[in-house]
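Structure record follows, encoded as structure tokens.
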Amino acid sequence: MALDSARDMTLSRKAMKAELLDAETELRLAYAWRDERCEKSLHRLITAYMRLAISMASKFKRYGAPMNDLIQEAGLGLMKAADKFDPDRGVRFSTYAVWWIKASIQDYVMRNWSMVRTGSTSSQKSLFFNMRRVQARLERESAAAGEVLDRHQLRQMISSEIGVPLHDVEMMEGRLSGSDYSLNATQSTEDEGREWIDALEDDSAQAAETVEHKHDTEQLRAWLLQAMNNLNDRERFIVRERKLRDQPRTLESLGQELSLSKERVRQLEAAAFGKMRKSLETQSREVHHFLM
Numbered sequence: 001m002a003l004d005s006a007r008d009m010t011l012s013r014k015a016m017k018a019e020l021l022d023a024e025t026e027l028r029l030a031y032a033w034r035d036e037r038c039e040k041s042l043h044r045l046i047t048a049y050m051r052l053a054i055s056m057a058s059k060f061k062r063y064g065a066p067m068n069d070l071i072q073e074a075g076l077g078l079m080k081a082a083d084k085f086d087p088d089r090g091v092r093f094s095t096y097a098v099w100w101i102k103a104s105i106q107d108y109v110m111r112n113w114s115m116v117r118t119g120s121t122s123s124q125k126s127l128f129f130n131m132r133r134v135q136a137r138l139e140r141e142s143a144a145a146g147e148v149l150d151r152h153q154l155r156q157m158i159s160s161e162i163g164v165p166l167h168d169v170e171m172m173e174g175r176l177s178g179s180d181y182s183l184n185a186t187q188s189t190e191d192e193g194r195e196w197i198d199a200l201e202d203d204s205a206q207a208a209e210t211v212e213h214k215h216d217t218e219q220l221r222a223w224l225l226q227a228m229n230n231l232n233d234r235e236r237f238i239v240r241e242r243k244l245r246d247q248p249r250t251l252e253s254l255g256q257e258l259s260l261s262k263e264r265v266r267q268l269e270a271a272a273f274g275k276m277r278k279s280l281e282t283q284s285r286e287v288h289h290f291l292m
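First residue of the sequence shown: 1, per the UniProt record's numbering; consecutive thereafter.
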């Protein structure tokens, strides 16, 4: 930690000592990088505005991210800005770079805030970085006016103030309400080392369910075999080819093999299903879907 702090201070001092670029010099360096890919011009442009990146990174320290990581992300945003900057648009590079630096830092903060993705849409990002501030202001204003806001009213006002859906406000409030915890953490000192993972429901198949499913499957198979045995050889062949294959055959292909018309094969199929239906109805009505 001490080494990180010293590194941050050294980088900050170097950035503060960097030259200040006037508009003409800045424009010349931008053209040199865009048109000639002059790396010296790029380095000079980046170095001159690194103080801006560090200043913006420092505003995000309250989110708990290491300052050196924030500075690194700010630097990446600055380099992206330099790569995409178009000097022909008549905008100062610093004005353009602010947006790229801020976006890079915000993406980093949101990626590292929680193991669970905190937000991905623009409204969720806006809530993440503004909800607490807007909520505090609304509560101060309501208290000054002698009003008491319930949680639902406050969420609605935040939704209207920031311009995001109400369900996004509710979702973000839950995500920001606490930090991540390990499932191996103990629930309390009174539980004698009981971990949170012990309280999770086992969603795998239970022994009783496995035995019951096996019994039902074997019973269904026996009923179907009995129904099939009531058919003649040609009917069994048609049912097997039409219903028991991974890729059922067409009536036309069966007709060609049996030297029958497609309509005759359809009639034999219907007759076979009728016989099986009668047999199965004496056993159970749970297998009707097989013949539908």
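Quick reminder that beta carbons are idealized off the backbone N, C-alpha and C, glycines included.
The structure presented is a predicted model; accordingly, all values stated were derived computationally and were not measured.
Q: Check whether the segment 83-95 touches the segment 27-42, taking contact to mean three or more Cβ pairs, one atom from each stretch, closer than 8 angstroms.
A: Yes, the segment 83-95 touches the segment 27-42.
Q) Three or more C-beta pairs closer than 8 angstroms, one from the segment 64-75 and one from the segment 102-114: is that the case here? A) With the cut-off at 8 angstroms, the segment 64-75 and the segment 102-114 touch.
Q) According to the Cβ coordinates, are residue 127 and residue 91 closer than 8 angstroms? A) Against a cut-off of 8 angstroms, the Cβ pair of residue 91 and residue 127 comes out as no contact.
Q. From residue 100 to residue 159, what does the alpha carbon distance come to, in whole angstroms?
A. Approximately 26 angstroms between the Cα atoms of the pair.
Q) Would residue 96 pass as a contact of residue 78 if the rule is Cβ separation under 8 angstroms? A) Cβ distance not < 8 angstroms, so residue 96 and residue 78 don't count as in contact.
Q) Who are the near neighbours of residue 102 in its chain, counting only those whose CB is closer than 8 angstroms to its CB and skipping five residues on each side? A) Sequence-distant Cβ neighbours of residue 102 in its own chain, meaning closer than 8 angstroms and more than five residues away, are 56 and 77.
Q. Is the distance from the Cβ of residue 81 to the Cβ of residue 42 below 8 angstroms?
A. No, these two residues do not count as a Cβ contact at 8 angstroms.
Q: Pair every Cβ in the segment 216-230 with every Cβ in the segment 249-266, then say whether three or more of these pairs are closer than 8 angstroms.
A: Contact fails: fewer than three Cβ-Cβ distances are below 8 angstroms.
**Q.** Proximity to residue 223 [Cα-Cα], best of 279, 39 and 136
**A.** Nearest C-alpha to residue 223: 279.
(Q) Can you give me the C-alpha to C-alpha distance between residue 104 and residue 161, rounded to a whole angstrom? (A) For residue 104 and residue 161, the distance between alpha carbons rounds to 25 angstroms.
Q: Identify, in the order they occur along the chain, each residue of the same chain with its Cβ nearer than 6 angstroms to the Cβ of residue 252, setting aside the five sequence neighbours on each side.
A: If the five residues before and after residue 252 are omitted, its C-beta is found closer than 6 angstroms to the C-beta atoms of 262, all from its own chain and listed in chain order.
Q) Helix, strand or coil for residue 112 per DSSP? A) Looking at residue 112 - three-state DSSP - the assignment turns out to be helix.
(Q) One question on the structure: do residue 231 and residue 270 come within less than 8 angstroms of each other, judged by their Cβ atoms? (A) Going by beta carbons, residue 231 and residue 270 fall outside the 8 angstroms limit.
Q) Beta carbon of residue 153, beta carbon of residue 166: below 8 angstroms? A) Contact flag unset, no.
Q | Burial state of residue 131, where buried means 16 or more other Cβ atoms lie within 10 Å | A | It is buried - the Cβ of residue 131 has at least 16 other Cβ atoms within 10 Å.
**Q.** residue 93 versus residue 22 - alpha carbon distance
**A.** Approximately 11 angstroms, taken between the alpha carbons.
Q.
Helix, strand or coil, according to DSSP, for residue 279 in the structure here?
A. In the structure shown, the three-state DSSP call for residue 279 is helix.
Q. DSSP three-state call for residue 227: helix, strand or coil?
A. Three-state result, residue 227: helix.
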